[in-house]
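Protein sequence lines correspond, in order, to chains A and B.
Letter by letter, the first sequence follows residues 1 to 433 in this note's numbering.
Letter by letter, the second sequence follows residues 434 to 866 in this note's numbering.
Shown next, in structure tokens, is the structure this report addresses.
2 protein chains.
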Amino acid sequence: MLRLTRLYSMTIPKDKLKYIPTNGTYPKGFKVGSVSCQVKKNGNPDLSLIYSSYNCNAAGVFTTNKFKAAPVIIDRDNLQSKLNQNFNSIIINSGCANAVTGNGGLNDAREIINYTDKKLGNNVESISNTLTMSTGVIGQRLQMDKIKNGIDQIVTQLDSNHEHWLNCAKGIMTTDTFPKLISKSFQYNNITYNIAGLVKGAGMICPNMATLLGLIITDAPIEHQTLQNLLTNSVNKSFNCISVDGDMSTNDTILSLSNGQSGGEIITENGNLELYELFEKNYNELAIELAKLVVRDGEGATKFITINIKNAKNDLEAQKAANSISNSALVKTAMFGKDANWGRILCAIGYSNIEVNPSTTNVSFIPTDGSKELKLLVNGEPQIVDETRASEILELPDLQIDIDLGLPGDGQCQFWTCDLSHDYVTINGDYRS
Amino acid sequence: MLRLTRLYSMTIPKDKLKYIPTNGTYPKGFKVGSVSCQVKKNGNPDLSLIYSSYNCNAAGVFTTNKFKAAPVIIDRDNLQSKLNQNFNSIIINSGCANAVTGNGGLNDAREIINYTDKKLGNNVESISNTLTMSTGVIGQRLQMDKIKNGIDQIVTQLDSNHEHWLNCAKGIMTTDTFPKLISKSFQYNNITYNIAGLVKGAGMICPNMATLLGLIITDAPIEHQTLQNLLTNSVNKSFNCISVDGDMSTNDTILSLSNGQSGGEIITENGNLELYELFEKNYNELAIELAKLVVRDGEGATKFITINIKNAKNDLEAQKAANSISNSALVKTAMFGKDANWGRILCAIGYSNIEVNPSTTNVSFIPTDGSKELKLLVNGEPQIVDETRASEILELPDLQIDIDLGLPGDGQCQFWTCDLSHDYVTINGDYRS
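Okay, structure coming up:
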């Protein structure tokens, strides 16, 4: 493991080393890499490129923030214009978000993708084969000279090995304390399908760091509309089910590429259902694992909290309740303080604007060491809580909170969040300096 | 001023002494007081009573949280049943919120008002003349013996002087660092009208402390439906325009009483408009001053921030934008860190789900020492910001942020909030112990 920490100039916290893979199997036909353009003042890698020698189908899910960064606008338009087809690369810079930069910023983003096309020798008809993402401080223009120098270098240094994929994940980091990379393979009819995922985002969804960026890359031959639907649905169960601080960025983007180099039949929602569902399962699992890594690295977080809601009116209402709990500063500080203050959980449900029946509501802490559930509220009646037992449960770094709303409708949601600590305040009180 | 700090066993922070009045003129015909029932472990006053020897019209605005505390349910029902008429007292306990306490809690709240009626010698027909409020830890039953002993004492100790009003404000405090009391008088046609306001709420709107409680008491003869409309409208421009942490309590309640002892004509929306508008102006001003005191005492707050939104699509959208900025952990920590990170402000507007046009949006810091405005964003174009100047402005304890959305519609809102500090995390990580 020591080798890994030396790989980066940044010191990775010891308790995070276990989340960094030491090897992986990656989608065939892709080469990746990262370089330092010196946009980041500390000299860490700040430009990453993912390139397929074969044309890819592509999909994207973007922030709904009304102030959209330039790369968000460009990617969304290009995906639409080319009907999610005929892309082969994604170029990502970190350190500057190219957000709220007006027309100049849009031109910069266009120049980046065109310059990348040129350097990759892409055969472009009218619209670029390259997608782009930016993350970092907003309201500042990109230092285009540095970025272009970086592109000149990066195209000469691409490779498909584990080290390159890990460095690629490193190149998209901002306040993240560790690179977030997951790879996954599965077989069907003697064909091996590979998926790789990269993500960045420490203060979830926040303007300056322009979190969250995510990439899901596969060699499976996914039909283009199916890829878009897969991505949209899996984001809804993964990246839309996590929260660090509730802020939503100008740059949030998840992109997906598939180049078909695994071979095998085309995967579509309307074709071989067994294959489709197997692929969907693996794709969704990977998206959820990536999302959980973001929470694991939540700014200043000391606790990883899983919230299970069941028997809500419907799934959407379950998600609203979980989101409200996850964003409550009072719940999050109580968890940081290891205080079994379940009233705050209940209260956050109460103002989430969903249907509740106080007398059918149940709240429990589920210890993550496998010991017995601690019931806090049963059918609206507060239980006499053994505070010593509660403290033991809250001493564990991971916590699960189960909420049964007891309504007909079977709505459910699993959601992940972290606590709110002194360090969150320190990190975010002083981000730009 | 020293006298005041000695009045309470709690030490009041020196910088808060200026918010505590040393005298006041109070509504005629009301007597008030507070005692310690020992529900609060520190022995501070925890039971307050406001009593009018004359029947009052009454109005209430209550939390919209789905988990409503027992006193909220009882008051709302009783106000409705008696058409906002024929009340004469409000009994408030602090230290225990009587929330999520099931039917037992509802019975406790009923017993409190009935017992108060009896001790005051109220001539009750079927529904109590007393309203009630509770604030404190939730999920615990009231210690009724202590409360009843307290009621026995308090009815013998009522008075109408300044000290008693101030102690009454003290008796409703939980994590507040100072009692919040404002009185106001004005004249019309040789008649003097008096209004007094009391409020508690430090972690704004939060489940355990069951913030916010507010009381607006007047001797003006306000017609009962007019009083309810006045209260509803003024809450919308005051208590609904503040935020400390965005959580909304199970107990939030604002009550208003008017006993007509000023004399003069009945004040109604359909009567003497000049008098009505004068009264409305004074009533609204008092509500806004009370609301601002809550922000001044925001848990751990080091900054008082005024947010002005103008040229939104409509007033509601302006309020949504202001609320979103006020609740952003990223904006609040940046303000604590004195970081002129305007991107976070913009971003919070961007996800507030209102209509915006990036290219007509303007953001400025308005220094509260009267010096020149600092433009951060002009028609969507980031300005070159003098960071030294920005730091000077952010060193001031008060900050004003002006946002012009540049849309037709003339929607506007003034909103007040505070920063998010290390101390907020400390206070709320460990509230119950």
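Beta carbons are placed, not taken as given, at the ideal position from N, Cα and C, and that holds for glycine.
Taking the alpha carbon of VAL789 (chain B) as the reference point, which residue from B:GLN833, B:ASP837, B:MET768 and B:ASN715 has its own alpha carbon closest?
Among B:GLN833, B:ASP837, B:MET768 and B:ASN715, the Cα nearest to that of VAL789 (chain B) belongs to B:ASP837.
Just curious, the beta strand (DSSP E) that PRO367 (chain A) is in, first and last residue?
Per DSSP, PRO367 (chain A) is one residue of the beta strand (DSSP E) stretching across 362-367.
Check this for me: beta carbons of SER258 (chain A) and THR218 (chain A), under 7 angstroms apart or not?
Yes, Cβ-Cβ distance for SER258 (chain A) and THR218 (chain A) is below 7 angstroms.
For the beta strand (DSSP E) that TYR484 (chain B) lies in, which residues bound it at each end?
Counted as a single uninterrupted DSSP element, the beta strand (DSSP E) harbouring TYR484 (chain B) occupies residues 480-495.
Supposed contact pair LEU723 (chain B) and LYS603 (chain B) - C-beta distance, whole angstroms, cut 8 angstroms
Not really, about 15 angstroms apart at Cβ, beyond 8 angstroms.
What residues of chain B sit near MET248 (chain A), judged by a beta carbon separation below 8 angstroms?
What MET248 (chain A) touches in chain B: CYS780, GLY783 and TYR784.
Continuous beta strand (DSSP E) assignments of at least 3 residues falling wholly in the stretch 325-367 of chain A
DSSP runs (the beta strand (DSSP E)) wholly in the stretch 325-367 of chain A: 362-367.
Expressed to the nearest angstrom, what Euclidean distance is found between the alpha-carbon atoms of SER792 (chain B) and LEU663 (chain B)?
So the two alpha carbons sit approximately 38 angstroms from each other.
Give the DSSP-derived three-state secondary structure of CYS674 (chain B) in the structure shown.
Secondary structure at CYS674 (chain B): helix, using DSSP grouped into helix, strand and coil.
Identify whether ASP852 (chain B) lies in helix, strand or coil by the three-state DSSP scheme.
In the structure shown, ASP852 (chain B) sits in coil (DSSP, three-state: anything other than H, G, I, E or B).
Where the beta strand (DSSP E) through GLY197 (chain A) begins and ends
That run of the beta strand (DSSP E) goes 191-200.
Short-range partners of chain B found in the stretch 156-187 of chain A, where Cβ spacing is below 7 angstroms:
Contact residues of the stretch 156-187 of chain A toward chain B are absent (C-beta to C-beta distance below 7 angstroms).
Minimum C-alpha distance to LYS746 (chain B) - residue among B:ARG729, B:GLU732, B:ILE738 and B:ASN786
Nearest of B:ARG729, B:GLU732, B:ILE738 and B:ASN786 to LYS746 (chain B), Cα basis: B:ASN786.
Please state whether DSSP places ASN521 (chain B) in a helix, a strand or coil.
Residue state, collapsed to three classes: strand.
Do you know whose CA, among A:LEU131, A:ILE172 and A:ALA322, lies nearest PHE62 (chain A)'s CA?
The shortest Cα separation from PHE62 (chain A) among A:LEU131, A:ILE172 and A:ALA322 belongs to A:LEU131.
Are at least three pairs of beta-carbons, each pair with one atom in the stretch 12-22 of chain A and one in the stretch 33-40 of chain A, less than 8 angstroms apart?
The stretch 12-22 of chain A, when compared against the stretch 33-40 of chain A, does not touch it at the 8 angstroms Cβ threshold.
Suppose the cutoff is 8 angstroms on Cβ atoms and the five residues either side in sequence are ignored; what does the same chain contact list for ASN379 (chain A) look like?
SER359, THR360, THR361, ASN362 and GLY406.
Taking C-alpha atoms, which residue in B:ILE834, B:CYS846 and B:TYR459 lies nearest to TYR626 (chain B)?
Proximity to TYR626 (chain B) across B:ILE834, B:CYS846 and B:TYR459 peaks at B:TYR459, based on C-alpha coordinates.
Any residues in the stretch 320-350 of chain A with a beta carbon nearer than 9 angstroms to a beta carbon of chain B? Which ones, in chain order?
The stretch 320-350 of chain A vs chain B, Cβ under 9 angstroms: ASN327, SER328, ALA329, LEU330, VAL331, LYS332, THR333, ALA334, MET335, PHE336, GLY337, LYS338, ASP339, ALA340, ASN341, TRP342, GLY343, ARG344, ILE345, LEU346, CYS347, ALA348, ILE349 and GLY350.
Any Cβ of chain B within less than 7 angstroms of the Cβ of PRO21 (chain A)?
Using a CB distance cut-off of 7 angstroms, PRO21 (chain A) does not count as an interface residue toward chain B.
What residue range is occupied by the uninterrupted alpha helix (DSSP H) comprising ILE127 (chain A)?
Looking at the DSSP string, ILE127 (chain A) is not in any alpha helix (DSSP H), and its letter there is neither H nor E.
Suppose the cutoff is 7 angstroms on Cβ atoms and the five residues either side in sequence are ignored; what does the same chain contact list for ILE878 (chain B) look like?
What is shown of chain B runs 434 to 866, which leaves residue 878 (chain B) out entirely.
With a cut-off of 8 angstroms on the beta carbons, I'd call ALA502 (chain B) and ASN536 (chain B) a contact; round off their distance for me.
Between ALA502 (chain B) and ASN536 (chain B), the beta carbon gap of about 13 angstroms keeps them out of contact (Cβ cut-off 8 angstroms).
What are the residues of the stretch 557-572 of chain B that lie near chain A, defined by any Cβ-Cβ distance shorter than 9 angstroms?
Per Cβ criterion, the list reads VAL570, ILE571 and GLY572.
Could you name the residues of chain B that LEU420 (chain A) contacts, counting a contact when the two beta carbons are closer than 7 angstroms?
Per Cβ cutoff of 7 angstroms: VAL858.
Would MET209 (chain A) count as contacting chain B if we go by Cβ distances under 7 angstroms?
With a pLDDT of only 39 at MET209 (chain A), under the threshold of 50, the placement of this residue in the model should not be trusted, and no figure is reported.
Bridge partners for GLN847 (chain B) per DSSP, in chain order?
In the DSSP output, where bridge partners are listed per residue, GLN847 (chain B) has B:ASN741.
Determine, using beta carbons only, whether VAL61 (chain A) comes closer than 7 angstroms to chain B.
No, VAL61 (chain A) does not count as interfacial toward chain B.
Counting pairs of beta carbons, one from the stretch 106-115 of chain A and one from the stretch 46-56 of chain A, are three or more of them closer than 8 angstroms?
No, because fewer than three Cβ pairs between the stretch 106-115 of chain A and the stretch 46-56 of chain A fall closer than 8 angstroms, the two stretches do not touch.
Rounded C-alpha distance that separates LEU853 (chain B) from LEU293 (chain A):
CA-to-CA, the gap between LEU853 (chain B) and LEU293 (chain A) works out to about 26 angstroms.
Starting from LYS617 (chain B), follow the beta strand (DSSP E) in both directions and report where the run begins and ends.
Taken as a continuous stretch (DSSP letters only), the beta strand (DSSP E) holding LYS617 (chain B) covers 613-621.
Anything in chain A within Cβ reach of GLY839 (chain B), meaning under 8 angstroms, just list it in chain order.
Neighbours of GLY839 (chain B) on chain A: none; closest Cβ ~13 angstroms, over 8 angstroms.
If you measure between the beta carbons of ALA629 (chain B) and SER667 (chain B), is that distance less than 7 angstroms?
Annotated as distal: ALA629 (chain B) and SER667 (chain B), with beta-carbon spacing of 7 angstroms or more.
For the stretch 95-165 of chain A, list the alpha helix (DSSP H) runs that are entirely contained and at least 4 residues long, ordered along the chain.
Counting whole runs of 4 or more residues, the stretch 95-165 of chain A contains the alpha helix (DSSP H) stretches 102-120 and 144-154.
Is DSSP giving ASP837 (chain B) helix, strand or coil here?
Strand.
Give the range of the beta strand (DSSP E) segment to which THR253 (chain A) is assigned.
It spans 253-258 - the beta strand (DSSP E) in which THR253 (chain A) sits, taken as one unbroken run.
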